[in-house]
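Please read the structure below before turning to the comments.
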Amino acid sequence: MSIDQKTSDKYLKVTDPELKPLLEEYIVKDDQCQTNSHYKILKTLEGGRCPFLNENKLCNIQCKLGEDYLSEICSVFPRHANLIDGVLEGSGTLGCPEMARLILLNPQTIEFDHIDEWPHIHYLILSSIDTKSSPVTKYFWPLRIFTIKVLQDRSYTLWERLMFLSIFYNRTHQVSNNYKEIENFIDEYDRLLSDCNTVKNILSGIPAANHIQVKLIKSIIDLRYLHKGQIYGSRYLECYNEFLMGLNFSDGRNWDDILCDFDKTLQDIVKPWLEKNEYIFENYLVNYVFKELVPLRNDSTFFESFCMMILHYAYVSLLLVGIAAYHKGITDEIIIKLFQSFSRTVEHTPSYINDIYTLFKREDFFQLPYIAAIIKN
């Protein structure tokens, strides 16, 4: 975790006999990257545990020195702030269990409130966009509003909504830099969205492709070895191991047998659960779109930004199937543990996510037929 320079300088002056040696041991320079906001890093204990937690699992730095001694990241967690056209946007990260509970378990659609003045709390702006700065950013608002509208349209199942958006964003990708077509696409697909029967008939013809699932599962398992020692979070590792055990994974086991276990759990446990709880994944995706500024992501195209969202959705969905097989069911606590640990551990390890993204591109998972197979299953 990053420690900003201002906080690092404060830590150098700490004289507390308990904290001083810990600060010297666990707050270290990052030789690969050093900026004002990422000046040093916090080394964690085995299992990803923070070395400054006391026996009550409270932050000893805050308890002994006060909130002013918390780093920028620690002081704002789990708040997430972006600046869009000079307007501050606040959201929450699922890395906090209580935030995950509030966001995911609400059966009502997520609403966005406008307030004239932010409360007097500390925040850190993580991303900033000026929508008038380029032809690309000009279409941020229309695309964002349309994406959230589709994700929250419960006249469709969630896979139908995601497939509809996949087709839409694939078309934006095909026009390349002719961004003037974007507004026409939005109008066209917005009208089509209101014709529910037609859309459902079109999407019903999309076949499932189980071999894609096998390929995807194998890719995720292979990455476990690639990042051995880099992914810590004990709660996430528990989820990951339950995923493997639920699918009875072993190095010598036939992949057809693994797929058989996967399909059985999908049909017997996950799909019946989804019929009543689809809003949990809907809330996850809407929060992701708002927080991560979809469809703008670094220098990605609109389609690539959308695909990154699909990547997160596909990954956590696959994990859930294996975990459901392990527990022989799904509870709210299983959901909170999975999403919280996934957000806290995987989403906060950029190298891991980037490697998954690179792997997905290399294996052509971001081609429309593959996306369809991932979503429909």
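Each residue of the sequence shown is one higher than the one before, counting from 8 in the numbering used here.
Beta carbons: idealized from backbone N, C-alpha and C, even for Gly.
Treat the numbers as computed from the prediction; the structure is a model and nothing was measured.
The stretch 261-269 and the stretch 49-67 do not touch, with fewer than 3 CB-CB distances between them shorter than 8 Å.
Note that the C-beta distance between Ile360 and Phe372 is not below 9 Å. In this structure, Phe192 and Phe175 form a Cβ contact; the two beta carbons are roughly 7 Å apart against a cut-off of 8 Å.
Rounded to the nearest angstrom, the gap between the Cα atoms of Gln220 and Pro28 is 49 Å. For Tyr333, the closest alpha carbon among the candidates Trp262, Ile152, Arg369, Asn248 is that of Asn248. Distance from Leu366 to Cys246 at the Cβ level is roughly 20 Å; contact not present, criterion being Cβ atoms closer than 8 Å. Shown here, Gly212 sits in coil according to DSSP, grouped into three states, outside any helix or strand. At the C-beta level, Phe59 and Pro302 stay beyond 9 Å of one another. A Cβ-Cβ separation of about 5 Å places Asp11 in contact with Ser44 under the 8 Å criterion. Taking the C-beta atoms as reference points, Arg108 is found no nearer than 9 Å to Gly97. Taken atom to atom, the span from the alpha-carbon of Tyr243 to that of Val206 is near 38 Å. Residue burial is scored here from C-beta neighbours: Gln347 has at least 16 other C-beta atoms within 10 angstroms and is therefore classed as buried.
By the neighbour-count criterion, in which 16 or more other beta carbons inside 10 Å mark a residue as buried, Leu318 falls on the buried side.
In terms of CA proximity to Ile80, Tyr130 leads the group Tyr130, Asn113, Lys145, Ile91. Counting only residues of its own chain and dropping the five nearest sequence neighbours on each side, Leu90 has a CB closer than 6 Å to the CB of Ile132, Ser135.
Arg198 sits in a helix when the DSSP states are folded into three classes. Met315 has its alpha-carbon roughly 23 Å from the corresponding atom of Leu200. Taking C-alpha positions only, Ser78 is separated from Leu345 by approximately 26 Å.
Burial state of Gly253 is buried, judged by a 10 Å Cβ sphere holding 16 or more other Cβ atoms. Per DSSP, reduced to three states, the secondary structure at Lys335 is coil, with no helix or strand assignment. Within the model, the alpha-carbon separation for Arg369 versus Leu375 is close to 14 Å.
Out of Ala88, Leu72, Phe297, the CA that lies nearest to the CA of Leu158 is found in Phe297.
Remark: C-beta atoms of Ala379 and Ser173 approach each other more closely than 9 Å. The three-state secondary structure of Glu32, taken from DSSP, is helix. Listed in chain order, the non-local C-beta contacts of Thr179 below 7 Å within the same chain comprise Ile189, Phe192, Phe309, Phe310, local neighbours out to five positions each way being set aside.
For the 9 Å CB-CB criterion, Ile48 and Met8 form a contact. A Cβ-Cβ contact shorter than 9 Å links Thr116 with Tyr286. Boundaries for Ile80: no beta strand (DSSP E) harbours it, while the alpha helix (DSSP H) harbouring it runs 79-83, taken from the DSSP string.
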